[in-house]
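The structure appears below as structure tokens.
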Ligand code: CP3
């Protein structure tokens, strides 16, 4: 066990071990959206902070909610509390989160719109997020890794084009038409994402994840052009400045094309959505996922049997246990705990 005393290994991070192909002492576990509204202690800090964005940009409170799930559960990593839309916000677009409705963001739909965007590197928003990273890292024990993140260009661009709505048709039309402003927006997001991730790493993030939540919108040529290539460029750009920091790629919904994501040079691991069979991933690839978050609404028996099924599909030295997507609002925290305990028992 990681917490055993005096074995000289208790400070090792199982997450970083698996990501860097060292022998891990146990199967690392963390959950997407592990900090969030399903936790009463999150709701109470969120109320104190005011809005969701006020919380994201308040380093003390953001560090507190980043750490909250690790107090409850025996997890191997914390994920920075922020949002993928921090990047467009730091570029100068107005952003707000409507209660119960999600993000509302200024739109970018032309070369003129694009020219107004600022670099994120020196922004107040990125500075606040990096302060959260520093504060969180100092509060975590060394066996618990801190993961930074950004959204992938396609997903972030789809919010910028659609104004925050989940309707991605306009972004897809621009992609199919190869609109010059859209291609330039993707290029710009590649550069800004590299800056943003490198700033988080310099501040103390030990691994980073790229979230392409809407990657499954595209197929074939467009998938290659607007999902795989831009992500590959970010992985290479971060890798050239921080070669020792692992990058996890989560291109959600690309199904059998996961093999393309798995083949991205430089990616330390790939995240896999629920719908994809983990057993299909080539043996030499580290995978993260893919418990259905709905199982966490379905009771103890369902949690136990699904967790065991998933653990049985992949060797623990190349598996990071996680969900196929974020924890849902309304999840009973006790069932998250049950999932963690089931993984631990499976590997004994
Ligand atoms: O615990 C964690 O995972 C860390 C923090 C985190 C958040 N968002 C906090 C958040 C991370 C990694 C994200 C990523 C994110 N944000 C993604 C990619 C992952 C995914 O879910 O597919 C996307 C697409 C977003 C954009 C976003 N943020 C939307 C569409 C919404 C509204 C929907 C919702 O769940 O409310 C958010 C809000 C958001 N981001 C919340 C949290 C905890 C809920 C806000 C609240 O407290 O009211």
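Residue numbers (my numbering): 1 to 348.
For each residue, glycine too, the CB sits at the ideal point set by N, CA and C.
Segment limits, alpha helix (DSSP H) that includes residue i
i	result
residue 287	Counting along the chain, residue 287 falls outside any alpha helix (DSSP H), though it belongs to the beta strand (DSSP E) covering 287 to 291.
residue 73	From DSSP, residue 73 is part of no alpha helix (DSSP H); its letter is neither H nor E.
residue 377	No answer is possible for residue 377: it lies beyond the span of the chain, which begins at 1 and ends at 348.
residue 201	180 to 203
residue 50	Segment: none, residue 50 is in no alpha helix (DSSP H) and carries neither H nor E.
residue 255	Premise fails: residue 255 is in no alpha helix (DSSP H) and is neither H nor E.
residue 339	333 to 346
residue 82	It is not in any alpha helix (DSSP H) - residue 82 carries neither H nor E in the DSSP assignment.
residue 173	169 to 176
C-beta atoms of residue i and residue j nearer than 8 Å
i	j	result
residue 321	residue 29	yes
residue 39	residue 333	yes
residue 234	residue 270	no
residue 107	residue 190	no
residue 342	residue 296	no
residue 169	residue 84	no
residue 45	residue 65	yes
residue 300	residue 273	no
residue 164	residue 102	yes
residue 16	residue 258	no
residue 53	residue 61	no
residue 329	residue 37	yes
residue 307	residue 291	yes
residue 19	residue 340	no
residue 352	residue 247	With the chain covering only 1 through 348, there is no way to say anything about residue 352.
residue 285	residue 262	yes
residue 293	residue 253	no
residue 245	residue 201	yes
residue 218	residue 159	no
residue 361	residue 226	With the chain represented from 1 up to 348, any question about residue 361 goes unanswered, as that position is not in the structure.
residue 420	residue 230	Given a span of 1 to 348 for the chain in the structure shown, any question on residue 420 remains unanswerable.
residue 11	residue 122	no
Distance cut-off 7 Å: residue i Cβ against heavy atoms of the ligand CP3
i	result
residue 155	yes
residue 50	no
residue 82	yes
residue 203	no
residue 33	yes
residue 230	no
residue 72	no
residue 319	no
residue 89	no
residue 36	yes
residue 67	no
residue 40	no
residue 85	yes
residue 330	no
residue 151	yes
residue 46	yes
residue 79	yes
residue 103	yes
residue 97	yes
Limits of the beta strand (DSSP E) - the one that residue i falls within
i	result
residue 212	207 to 212
residue 262	No beta strand (DSSP E) holds residue 262; the alpha helix (DSSP H) holding it covers 258 to 262.
residue 325	Careful: residue 325 lies outside any beta strand (DSSP E) and carries neither H nor E.
residue 299	Per DSSP, residue 299 belongs to no beta strand (DSSP E) and is neither H nor E.
residue 114	Premise fails: residue 114 lies in the alpha helix (DSSP H), 111 to 115, not in any beta strand (DSSP E).
residue 102	102 to 105
residue 249	247 to 251
residue 78	77 to 79
residue 149	145 to 151
residue 271	269 to 272
Distance cut-off 7 Å: residue i Cβ against heavy atoms of the ligand FMN
i	result
residue 239	Among the ligands present in this structure, namely the ligand CP3, the ligand FMN is not found.
task = Could you tell me whether the stretch 140 to 155 touches the stretch 113 to 122, using the rule of 3 or more Cβ pairs below 8 Å?
result = Segments in contact, no.
request  = Say whether the stretch 170 to 190 touches the stretch 128 to 135, bearing in mind that this needs 3 or more beta-carbon pairs closer than 8 Å, one atom from each stretch.
outcome  = The stretch 170 to 190 makes no contact with the stretch 128 to 135, as fewer than three CB pairs between them are under 8 Å.
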